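See structure below.
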């Protein structure tokens, strides 16, 4: 019987060895995430983005500020992306407009082939709450900024004064990581580790 | 199903059977020895598990507080070391035959793995898809529970897999219906199968019941979430097919039963109540969604006849096989159906009276047929 065989296999593994193996795999997974993010923060391309924050709290990760990026709106004038929906991963090509703000100029399902000077590619996920006909809403994975308990107020005040900007490090694969938040001239720097 | 009976009741029954001479004295001793051997975890083990759970919550709250009095690298090293320490401690406690405390240390280790995921996502402000973090935690719990054969850890994996499924489903709901999109999160079934497989390998019966309940809820939710829908008839069909398979397994000769099913599952009708529950949920939902509103009385009564007929069939089957669990569900279903008919047809009391008269006469007729059938069967057995 398959179940009996599996049970026998599991019982043959020495507990100490298997627990150390499980612990090692879990630690490697965590360290790998840290390594990837730290690499982006140290060697990624830095851009500064305008945001409109609000201030909620996460059950497990504490107080945080939701960062809503105007760059996360894209109107598909060409209609090339009509079939895209759900929470699909896409690549957004961002360029600086005349006001110096980064805005998406193209969205594609795959990594765009040729990237011009002054352009940056960011990995994004389509927001599942998009209504038919409305602009595409993109999430870059940098929409939450966690702050120490009770210290979200300074950012909240800055948000009311519309004076918050975010410096984002972008990796070679388009992964974005928050490098620092600038609120009312005060810089909240994020160390690599 | 004997495992639903409390050990106290069973011990009293065994003493009574011994006095009546149905069980020999050595038999009584053997039964009591086995029963005592099956006793659950002691208070020390339960308290240590509760303590471990609280320690995990302490670690998660510590992460959530985002205390910057300690550099985050030190926080990460601290939590990773605590996680490793918990696993090493668990291995040591198991080696010293302190299984209860070992389970608590394992649970703490898996809880700290979750706290570490939260810490890393907080450190880098990762705002991807939050259920992915829950899935990663569930996979860690599943691997640990499987290699250590730990029921508490598999229980945590079960909770996490279900939390992941519910969270993902809730994210599909804002889109539900637009463009014919369904709200069913199908990958949940992979997670469910993985955790059920691990629990089956462990041979944890109560855990398997939990898995059967979770799958039943998933199947019933299909009726509401599949598009084009509602698809409650599909739920009814799944329930009936599952019930049919279970009944076939019970009646089939031993050599025809699939050998991959665990022995206790083949012998006992453990899955039948779940199958009947699914069928009943599908039937009532279909009856209410199709048969309420103007002009739906005829459809409603058709569904009512189907509901009553299925309830009666289940009662007869339960009575024939002595399956009390099935009979309870069937009686419950019958009562709910009768009440539903009463409330739906209230205002047309003459119609209600006619319906109940017909249904009652039909049931009395069925009872007479069943009585004759049973008498013929007992006469033929008596030779």
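Residue numbers (my numbering), protein chains in the order written: chain R, -6 to 186; chain U, 24 to 406.
Cβ atoms here follow ideal geometry from the backbone N, Cα and C, with glycine treated the same way.
Given the structure is predicted, the values throughout are model-derived calculations rather than measurements.
Next on the checklist: Could you check whether residue 256 of chain U and residue 314 of chain U sit closer than 9 Å to each other, using their CB atoms as the reference points?
Outcome noted: Residue numbering aside, residue 314 of chain U sits at position 291 when the second chain is read from its first letter. Residue numbering aside, residue 256 of chain U sits at position 233 when the second chain is read from its first letter. Contact flag unset, no.
Checklist entry - Along chain R, which residues have their Cβ under 9 Å away from the Cβ of residue 235 of chain U? => result As a position in the second chain, residue 235 of chain U is number 212, starting the count at 1. Within chain R, no residue comes near residue 235 of chain U; the closest Cβ sits about 16 Å away, beyond 9 Å.
Checklist entry - residue 150 of chain U CB to nearest chain R CB: under 9 Å? => result Your numbering for residue 150 of chain U matches position 127 in the second chain. Output row for residue 150 of chain U: interface = yes.
Checklist entry - With C-beta atoms as the reference, is residue 188 of chain U less than 9 Å away from residue 248 of chain U? => result By one-based count along the second chain, residue 188 of chain U stands at place 165. By one-based count along the second chain, residue 248 of chain U stands at place 225. No, Cβ-Cβ distance for residue 188 of chain U and residue 248 of chain U is not below 9 Å.
Next on the checklist: If I measure Cβ to Cβ from residue 433 of chain U and keep anything under 6 Å in the same chain, skipping five residues before and after, which residues do I get?
Outcome noted: Chain U is shown from 24 up to 406; residue 433 of chain U falls before or after that span and cannot be answered.
Next on the checklist: Whole angstroms are fine: how far does the CA of residue 224 of chain U sit from the CA of residue 327 of chain U?
Outcome noted: Translated into the one-based positions of the second chain, residue 327 of chain U becomes position 304. Translated into the one-based positions of the second chain, residue 224 of chain U becomes position 201. Distance between the alpha carbons of residue 327 of chain U and residue 224 of chain U: 42 Å.
Checklist entry - Taking C-alpha atoms, which residue in U/147, U/113, U/49 and U/45 lies nearest to residue 13 of chain R? => result Within the first chain, residue 13 of chain R is the residue found at index 20, counting from 1. With distances taken between Cα atoms, residue 13 of chain R lies closest to U/113.
Checklist entry - Heavy atom of the ligand GDP less than 8 Å from the Cβ of residue 103 of chain U, yes or no? => result Of the ligands one can find in the structure shown there are none, so the ligand GDP has no counterpart to examine.
Next on the checklist: Assess contact between the stretch 141 to 151 of chain U and the stretch 87 to 101 of chain U, defined as three or more Cβ pairs (one per stretch) separated by less than 8 Å. Is contact present?
Outcome noted: yes
Next on the checklist: Rounded to the nearest angstrom, what separates residue 376 of chain U and residue 307 of chain U at their Cα positions?
Outcome noted: Walking along the second chain from the start, residue 376 of chain U turns up at place 353. Walking along the second chain from the start, residue 307 of chain U turns up at place 284. Roughly 22 Å between the two C-alpha positions.
Next on the checklist: At the level of alpha carbons, what is the spacing between residue 311 of chain U and residue 366 of chain U?
Outcome noted: Walking along the second chain from the start, residue 311 of chain U turns up at place 288. Walking along the second chain from the start, residue 366 of chain U turns up at place 343. Between residue 311 of chain U and residue 366 of chain U, the C-alpha separation is close to 12 Å.
Checklist entry - Does DSSP put residue 227 of chain U in a helix, in a strand, or in coil? => result Translated into the one-based positions of the second chain, residue 227 of chain U becomes position 204. It is coil, neither helix nor strand.
Item to check | Cβ neighbours of residue 166 of chain U in the same chain (closer than 7 Å, five flanking residues each side left out) | outcome: Counting from 1 along the second chain, the entry for residue 166 of chain U is found at position 143. The answer is none, since no qualifying residue turns up.
Checklist entry - Mapping DSSP to helix, strand and coil, what is residue -5 of chain R? => result Counting from one through the first chain, the residue named residue -5 of chain R turns up at place 2. Helix.
Checklist entry - How is the beta strand (DSSP E) around residue 82 of chain R delimited, first residue to last? => result Locating residue 82 of chain R in the first chain gives position 89, counting from the first residue. Counting along the chain, the beta strand (DSSP E) containing residue 82 of chain R begins and ends at 82 to 89.
Checklist entry - If you measure from the beta carbon of residue 167 of chain U to each beta carbon in chain R, is any gap under 9 Å? => result Here residue 167 of chain U is taken as the residue at index 144 of the second chain, counted from 1. Yes - at least one Cβ of chain R is within 9 Å of the one on residue 167 of chain U.
Item to check | Residues within the stretch 84 to 96 of chain R neighbouring chain U, beta-carbon criterion of under 8 Å | outcome: none
Next on the checklist: What does the alpha-carbon distance come out to for the pair residue 23 of chain R and residue 132 of chain U?
Outcome noted: For the purposes of this step, residue 23 of chain R is taken as the residue at position 30 of the first chain. For the purposes of this step, residue 132 of chain U is taken as the residue at position 109 of the second chain. Approximately 14 Å, taken between the alpha carbons.
Next on the checklist: Would residue 114 of chain R and residue 148 of chain R qualify as a contact pair, given that the criterion is a beta-carbon distance under 9 Å?
Outcome noted: Within the first chain, numbered from 1, the residue matching residue 114 of chain R stands at position 121. Within the first chain, numbered from 1, the residue matching residue 148 of chain R stands at position 155. No; because the gap between Cβ atoms is not below 9 Å, this pair is not in contact.
Checklist entry - Are the beta-carbon atoms belonging to residue 163 of chain U and residue 83 of chain U less than 9 Å from one another? => result Taking the first residue of the second chain as position 1, residue 163 of chain U is located at position 140. Taking the first residue of the second chain as position 1, residue 83 of chain U is located at position 60. No, they are not a contact pair.
Checklist entry - In angstroms, rounded to a whole number, what distance separates the CA positions of residue 42 of chain R and residue 111 of chain U? => result As a working mapping, residue 42 of chain R is identified with position 49 in the first chain. As a working mapping, residue 111 of chain U is identified with position 88 in the second chain. About 46 Å.
Item to check | Buried versus exposed call for residue 399 of chain U [16 or more other C-beta atoms within 10 Å across all chains shown] | outcome: In the second chain, counting from the first residue as 1, residue 399 of chain U sits at position 376. So residue 399 of chain U ends up on the exposed side.
Checklist entry - By DSSP, does residue 55 of chain R sit in helix, in strand, or in coil? => result Numbered from its first residue, the first chain carries residue 55 of chain R at position 62. Of the three classes helix, strand and coil, the one that applies to residue 55 of chain R here is strand, per DSSP.
Item to check | Cβ-based burial, residue 159 of chain U [other Cβ within 10 Å; buried from 16] | outcome: The residue labelled residue 159 of chain U in the question sits at position 136 within the second chain. Buried is the call here.
Checklist entry - Are the stretch 338 to 351 of chain U and the stretch 294 to 304 of chain U touching by the rule of at least three beta carbon pairs closer than 8 Å? => result yes
Next on the checklist: Looking at the secondary structure, which residues open and close the beta strand (DSSP E) in which residue 94 of chain U lies?
Outcome noted: To locate residue 94 of chain U, count along the second chain from 1; it is residue 71. Here residue 94 of chain U belongs to no beta strand (DSSP E), and DSSP marks it neither H nor E.
Checklist entry - Taking 9 Å as the CB-CB limit, is residue 184 of chain R close to chain U? => result The residue given as residue 184 of chain R occupies position 191 in the first chain. True, the Cβ-Cβ gap to chain U drops below 9 Å.
Item to check | Three-state secondary structure (DSSP) of residue 142 of chain R | outcome: As a first step, residue 142 of chain R must be located in the first chain, where it is residue number 149. Here residue 142 of chain R sits in coil by DSSP.
Checklist entry - Is it the case that the Cβ atoms of residue 145 of chain R and residue 88 of chain U are separated by a distance below 9 Å? => result Within the first chain, the letter at position 152 stands for residue 145 of chain R. Within the second chain, the letter at position 65 stands for residue 88 of chain U. Cβ atoms of residue 145 of chain R and residue 88 of chain U: not closer than 9 Å.
Next on the checklist: Taking 8 Å as the cut-off, does the stretch 24 to 41 of chain R touch the stretch 154 to 167 of chain R (at least 3 CB pairs, one atom from each stretch)?
Outcome noted: yes
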